Each structure stands twice: as C-alpha cells, then as structure tokens.
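Asks: So that we are looking at the same thing, I have put the structure below in structure tokens.
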Amino acid sequence: MTDAKQTISDRIQEQMDALTRAERQLALSILENYPASGLGPLAALAKGAHVSVPTVARMVQKLGYKGYSDFQADLREELGAIAKGPIAKHETWAGAAPSEHILNRFTDAVIDNIRNTLAHIDPAEFDAASALVADPSRHLYIVGGRITHTLAEYLFLHLQVIRPHVTHVQSTSNTWPHYLVNAKPGDVFVIFDVRRYENNTLKLAELANARGAKIVLFTDQWRSPVHRMADISLTSQIIVPSAWDSATTTMLLVESMISAVQTLDWEKTKDRMEELEDIFDQTRLFRKFT
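So this is what it looks like as structure tokens:
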C-alpha cells in the first residue's frame with residue numbers, strides 16, 4: 004500500500020471537501036460497499052456511481068495514485084488484510100520480526116496505533132458521540148462481538164454508574180428480539196465490530212436502524228459494514244506483532260468517552276455515585292480500611 008498507516012477510506016474522507024460534486028458522488032458510492040466496490044472494472048465503477056470514466060480517473064489521482072490499477076492493488080491488499088485469520092496474521096508478522104524484545108516491539112506498535120488513530124479522528128464527531136451516549140432521555144444499548152464483548156461490558160459497567168437506562172445486549176442473537184422490542188426512535192446503540200466482522204452484529208445494527216435508533220460504532224481502520232448505517236463511526240488502528248489484533252487503542256477511545264460522558268453532567272453523575280457508594284456500604288461489598 005502507498006501508505007501503510009492509512010486506508011483508502013481514510014484518504015477519501017480527508018479529500019472529501021476538495022472533491023467536485025461528481026467526485027463526491029463517486030466517493031460516497033465507493034464507501035457504500037467498501038472495499039469491494041472498487042474491485043471491478045473502471046467502467047463498471049463509473050456506471051454504478053452514475054459518473055463518467057474520466058471522473059473516476061481524476062479522483063483516483065487526487066487520492067495519490069498514478070492510475071486505477073494502483074488504486075485497485077491497494078484495495079485488494081486491504082481486503083486481504085481484513086480477511087486474515089489469527090494464524091495467517093502471525094505468519095505474516097513472524098517472517099519480518101526484528102530481534103528486539105516483544106515488549107518493546109509490541110509497545111512501539113501500540114504507540115503508533117494510538118498516534119495514527121488520534122491523527123485521523125474528528126474531535127467534533129467524538130464529542131457528538133459522547134453527547135448521544137450521555138443523553139438520559141435516550142435508552143442506551145451496548146453490544147459487542149465474540150472478542151469485543153469485553154469492551155462492551157467495560158463501557159456498560161461504567162455508564163451504568165453515570166446514567167440511567169443502560170442495557171448490555173448479550174452477544175447471542177437469540178436474545179436480541181427481547182431488547183429490540185423495546186427500542187424506540189432516537190434510542191442509541193453503541194456497537195463494537197472489528198475485523199473478522201460478524202454477520203450477527205450487522206443484522207442487529209440493521210434491525211436497530213430500521214427502528215429509528217441512532218448507532219455509534221467502534222470499529223477498525225477498514226471499517227465494519229455497520230458503518231454504512233452508523234450515525235458516528237470511531238475507528239482505531241489495531242495492527243500489532245501478534246496473531247490477534249490489539250484492543251488497546253479502542254480501549255483508549257472507550258475510556259476517553261467514559262470521561263467525557265461523566266463530565267457532561269457531573270452533578271447528576273456525582274449524585275448517582277454517592278448513592279451507589281451508600282448501597283455498597285450497606286451490602287458490605289467492598290472492604291473498608293478506615
């Protein structure tokens with residue numbers, strides 16, 4: 004890829020304001036079914052977006068490519084990266100592993116992920132997502148996947164302290180109807196979905212979207228298919244020298260959101276925390292040292 008730290012989707016988002024009306028129409032068409040949308044012939048992409056062939060050629064050059072074939076090569080590489088399972092990812096890493104200790108190499112990768120994530124995230128979008136999550140008039144549903152359910156539960160446990168009307172949606176799809184039946188227009192679903200994107204999560208998002216719910220998505224740099232219906236997508240860089248992707252940067256965004264949400268209405272949050280501490284004292288859940 005021409006920039007190992009940046010996806011074509013990132014490039015398109017960065018260039019969006021500089022695109023012509025036709026080029027913007029093409030960009031939105033590509034993002035609609037990204038990255039598969041750009042894998043066909045140039046003429047087919049132009050026809051699908053209802054633009055001319057020269058429009059495709061011009062926009063590809065604006066994204067930093069010499070031609071459509073170079074653009075497609077990067078798309079294929081991204082698609083291959085998305086599809087990799089843990090064994091394939093580990094073998095790719097091991098062949099080029101430097102001699103330094105894993106603690107240093109892993110930490111360096113995580114720091115790079117954090118820097119690149121923060122360089123591309125829109126603070127206004129993050130603030131808007133935090134405001135949606137903080138709004139007590141909206142019922143909040145939080146759901147994760149096979150791995151990301153741990154992040155979902157972490158967010159749920161904190162927000163349950165900060166505000167009322169928070170539900171942790173279990174990952175098994177046979178329980179979803181019981182949650183969705185209560186979802187109203189304007190309610191918020193916080194969804195975690197990173198590569199190998201889960202079909203069950205996509206279906207839940209589709210059902211929530213159909214009921215008029217708002218969706219805040221935590222995903223990776225390639226973006227889950229859920230992003231097509233998400234109101235706000237918060238993307239994280241996740242590649243590290245491991246058979247598994249890293250959740251560190253996503254956790255950073257989660258903990259930053261927890262901090263932002265508690266600050267938006269600190270007086271009410273403080274009252275809830277004090278009430279909760281009183282209940283803890285009554286139940287003797289935690290040890291007291293004074």
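Residue numbers (our numbering): 4 to 293.
Cβ coordinates follow ideal geometry from the N, Cα and C atoms, glycine included.
None of the values given here were measured: they were computed from a predicted structure.
Are the segment 223-230 and the segment 193-207 touching by the rule of at least three beta carbon pairs closer than 8 Å?
Replies: In short, these stretches touch, since the Cβ pair count reaches three.
Asks: Counting only the same chain and skipping the five closest in sequence on each side, list residues whose C-beta sits under 7 Å from that of serine 32.
Replies: Hits under 7 Å: Ser40, Gly51, Ala52.
Asks: Consult DSSP for leucine 205 and reduce its assignment to one of helix, strand or coil.
Replies: Residue state, collapsed to three classes: helix.
Asks: Starting from leucine 160, trace the alpha helix (DSSP H) both ways and give me its first and last residue.
Replies: Taken as a continuous stretch (DSSP letters only), the alpha helix (DSSP H) holding leucine 160 covers 152-165.
Asks: Should alanine 7 go down as buried or exposed, given a rule of 16 or more other Cβ atoms within 10 Å for buried?
Replies: Low confidence applies to alanine 7: its pLDDT is 45, below 50, so where it sits in the model is not reliable enough to give any reading.
Asks: Looking at C-alpha atoms only, which residue of Leu135, Val59, Thr120, Pro126 is the closest neighbour of leucine 267?
Replies: Cα-wise, what sits closest to leucine 267 is Leu135.
Asks: Tell me which same chain residues have a C-beta within less than 7 Å of the C-beta of alanine 211, skipping the five on either side of it?
Replies: Hits under 7 Å: Leu183, Ala186, Phe192, Ile218.
Asks: Closer than 6 Å by C-beta to leucine 162: which residues in its own chain qualify, once you throw out the five before and the five after it? Chain order, please.
Replies: Result list for leucine 162: Val169, in chain order.
Asks: Taking leucine 143 as part of the beta strand (DSSP E), name the residues at either end of that continuous run.
Replies: Its beta strand (DSSP E) spans residues 143-146.
Asks: Report the residue from Arg287, Ser174, Glu128 whose alpha carbon sits nearest the alpha carbon of isoleucine 150.
Replies: Nearest option by C-alpha distance: Ser174.
Asks: Classify tryptophan 179: buried if its beta carbon has 16 or more other beta carbons within 10 angstroms, exposed otherwise.
Replies: Tryptophan 179 comes out buried.
Asks: What does the alpha-carbon distance come out to for the pair alanine 263 and serine 133?
Replies: For alanine 263 and serine 133, the distance between alpha carbons rounds to 6 Å.
Asks: Determine the direct distance from the alpha carbon of arginine 287 to that of isoleucine 242, and round the result to whole angstroms.
Replies: One C-alpha to the other measures close to 43 Å.
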